[in-house]
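The sequence shown: position 335 = 335 (the UniProt record's numbering), numbered continuously.
Heads up: the structure comes next, in structure tokens.
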Amino acid sequence: MLKVKPQIAALSTYKPPWSHIDRTAYLRFDLNENTLPLPGCVKAALHDFIDSDRIPLYPDCAAFLPKLARYTQAAPEQLMVANGSDQAIEVVLRAFLGEGDELVLAQPGFPMFTQIAGVIGAKVTGIPYDAAMRFPRRDYLAAITPATKLAVLVNPDNPTGASVSLDLIEEVLRLRPDLPVIVDEAYFEFTGATAQGLLAAYPNLIILRTFSKAFALGGLRLGYSIAHPALTAELHKVRGPFDVNACALVAAGAQLDDAAEEWRRFPQETMQLSKPYLEAFFRDNKVKQYPGAAHFMLVEPEDRDGAVAYLKERGILVRPMVAPAIKTCFRMNVGTLEQTKHFAEVYADYLRQQR
Numbered sequence: 001m002l003k004v005k006p007q008i009a010a011l012s013t014y015k016p017p018w019s020h021i022d023r024t025a026y027l028r029f030d031l032n033e034n035t036l037p038l039p040g041c042v043k044a045a046l047h048d049f050i051d052s053d054r055i056p057l058y059p060d061c062a063a064f065l066p067k068l069a070r071y072t073q074a075a076p077e078q079l080m081v082a083n084g085s086d087q088a089i090e091v092v093l094r095a096f097l098g099e100g101d102e103l104v105l106a107q108p109g110f111p112m113f114t115q116i117a118g119v120i121g122a123k124v125t126g127i128p129y130d131a132a133m134r135f136p137r138r139d140y141l142a143a144i145t146p147a148t149k150l151a152v153l154v155n156p157d158n159p160t161g162a163s164v165s166l167d168l169i170e171e172v173l174r175l176r177p178d179l180p181v182i183v184d185e186a187y188f189e190f191t192g193a194t195a196q197g198l199l200a201a202y203p204n205l206i207i208l209r210t211f212s213k214a215f216a217l218g219g220l221r222l223g224y225s226i227a228h229p230a231l232t233a234e235l236h237k238v239r240g241p242f243d244v245n246a247c248a249l250v251a252a253g254a255q256l257d258d259a260a261e262e263w264r265r266f267p268q269e270t271m272q273l274s275k276p277y278l279e280a281f282f283r284d285n286k287v288k289q290y291p292g293a294a295h296f297m298l299v300e301p302e303d304r305d306g307a308v309a310y311l312k313e314r315g316i317l318v319r320p321m322v323a324p325a326i327k328t329c330f331r332m333n334v335g336t337l338e339q340t341k342h343f344a345e346v347y348a349d350y351l352r353q354q355r
């Protein structure tokens, strides 16, 4: 049998949950996806693109950058689009890490950082959240040493939902001007929290975002980075010139051009209505939950597996956690208020059966 590199052989395969079922038949509260139908402007733009016979052409990322620059209020030279923010993570890690190099990350955190670091052969120094799932500020800062090659802050964290304050981000940036610092803002449209205002003062800052969540383009894979122009130019050397799907660029462009900004409905409804409703439901029913900043939450029922199985039987998917610190929890996103009320009704039935 052929031998792959030792660090590859040592890895486990990342397997999405429920990959063996038709998830469209369920209420999808498991992957933090947008649960609304695709906006009409996106459907129309994709139909027009297919009818134009441009599918055989290689994608043109440069043509999309002015739209993204307008939305982000960043210069086009600061932007790199990628095949999902997962690829943006890979590009940055490949640019800065080699075998044996150290990355510092609070854990449990977004698993793709650990997975990609493992492929490279880099070492992940994981700083555990405390028992209340609050960011381990003191321990995280202490873990950054002259040997550290990359620092990662996921804001808010996935899966815990814990937020990272802007003053902490700036403190990390100040520690070592030569240390690249990733701030993953995948849920920016839900929280409004961003470190983008620090970019002018800190050229070692790299912000990552995605079109998978608020913009509902998870199946098309589109993410991007915002960084200093000189750093962005280096990242472009790592990403392939045609890595980004042309349909993804068309769909995202249609949303950014939409004067009605229909995409804003989902983050607004989930954060202003659905999440407060569900938090109150769990409090009233004495179900343990951890406070989070985005449209998802970590829930710790008395019987995690029983709750997950019951919900699935009733047509609702949530995400059972596997990290040791949260293995008794499931993570769930909220949807529209109507969808969230349906979840609460089903979960109330489950609780009644347990009493």
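Using N, Cα and C, we set each Cβ at its ideal position, and we do this for glycine too.
Margin query: Please tell me whether glycine 335 and threonine 35 are closer than 7 angstroms, where the distance is taken between their beta carbons.
Written below: To locate residue 335, count along the sequence shown from 1; it is residue 335. To locate residue 35, count along the sequence shown from 1; it is residue 35. A contact, by the Cβ cut-off of 7 angstroms.
Note to self: Helix, strand or coil, according to DSSP, for valine 334 in the structure here?
What the structure shows: Indexing the sequence shown from 1 puts residue 334 at position 334. Note: valine 334 maps to coil in three-state DSSP.
Next item on the list: Could you tell me whether the segment 196-207 touches the segment 226-238, using the rule of 3 or more Cβ pairs below 8 angstroms?
Entry: yes
Next item on the list: Using only alpha-carbon positions, find the residue among Leu103, Leu97, Ala142 and Ala106 that is nearest to isoleucine 120.
Entry: One-based indexing of the sequence shown puts residue 120 at position 120. Nearest of Leu103, Leu97, Ala142 and Ala106 to isoleucine 120, Cα basis: Leu97.
Note to self: What would DSSP say about methionine 1, mapped onto helix, strand or coil?
What the structure shows: Position 1 of the sequence shown, counting from 1, holds the residue named residue 1. Here methionine 1 sits in coil by DSSP.
Checklist line | the segment 60-71 contacting the segment 331-350, beta-carbon criterion three pairs below 8 angstroms | finding: no
Check: Any idea if phenylalanine 266 is buried or exposed, counting beta-carbon neighbours within 10 angstroms, 16 or more meaning buried?
Finding: Here residue 266 refers to the residue found at position 266 when the sequence shown is read from its first residue. By the 10 Å Cβ count, phenylalanine 266 comes out buried.
Check: What number of angstroms, rounded off, separates the C-alpha of arginine 239 from the C-alpha of glutamine 78?
Finding: Looking up residue 239 in the sequence shown gives position 239. Looking up residue 78 in the sequence shown gives position 78. Between arginine 239 and glutamine 78, the C-alpha separation is close to 15 angstroms.
Notebook entry, point to check: Which residues in the same chain have their Cβ closer than 6 angstroms to the Cβ of glutamate 189, if we skip the five residues on either side of it in sequence?
Noted result: Within the sequence shown, the letter at position 189 stands for residue 189. Cβ neighbours of glutamate 189 beyond the five flanking positions: Ala214 and Pro267.
Next item on the list: Would you decide whether threonine 145 is buried or exposed? Buried here means 16 or more other CB atoms lie within 10 Å of its CB.
Entry: Start at 1 with the first residue of the sequence shown, and residue 145 comes out as number 145. It counts as exposed.
Next item on the list: Pick out the complete beta strand (DSSP E) segments inside the segment 212-254, 3 residues or longer, and give them in chain order.
Entry: 223-227
Notebook entry, point to check: What is the rounded straight-line gap between the Cα of arginine 134 and the Cα of alanine 25?
Noted result: Looking up residue 134 in the sequence shown gives position 134. Looking up residue 25 in the sequence shown gives position 25. Going by the C-alpha atoms only, they are around 35 angstroms apart.
Item checked: For glycine 84 and serine 212, believed in contact at Cβ under 8 angstroms, the rounded distance -> Looking up residue 212 in the sequence shown gives position 212. Looking up residue 84 in the sequence shown gives position 84. With a Cβ gap of about 7 angstroms, serine 212 and glycine 84 count as contacting.
Margin query: Among Met112, Asp130 and Thr191, whose alpha-carbon lies nearest the alpha-carbon of valine 152?
Written below: Stepping through the sequence shown from its first residue, residue 152 is reached at position 152. If we check each option's Cα against that of valine 152, Met112 comes out closest.
Notebook entry, point to check: Sorted by chain position, which residues of the same chain lie with C-beta nearer than 8 angstroms to aspartate 243's C-beta, five sequence neighbours on each side aside?
Noted result: Here residue 243 refers to the residue found at position 243 of the sequence shown. Taken in chain order, the residues that qualify are Ala82, Asn83 and Gln87.
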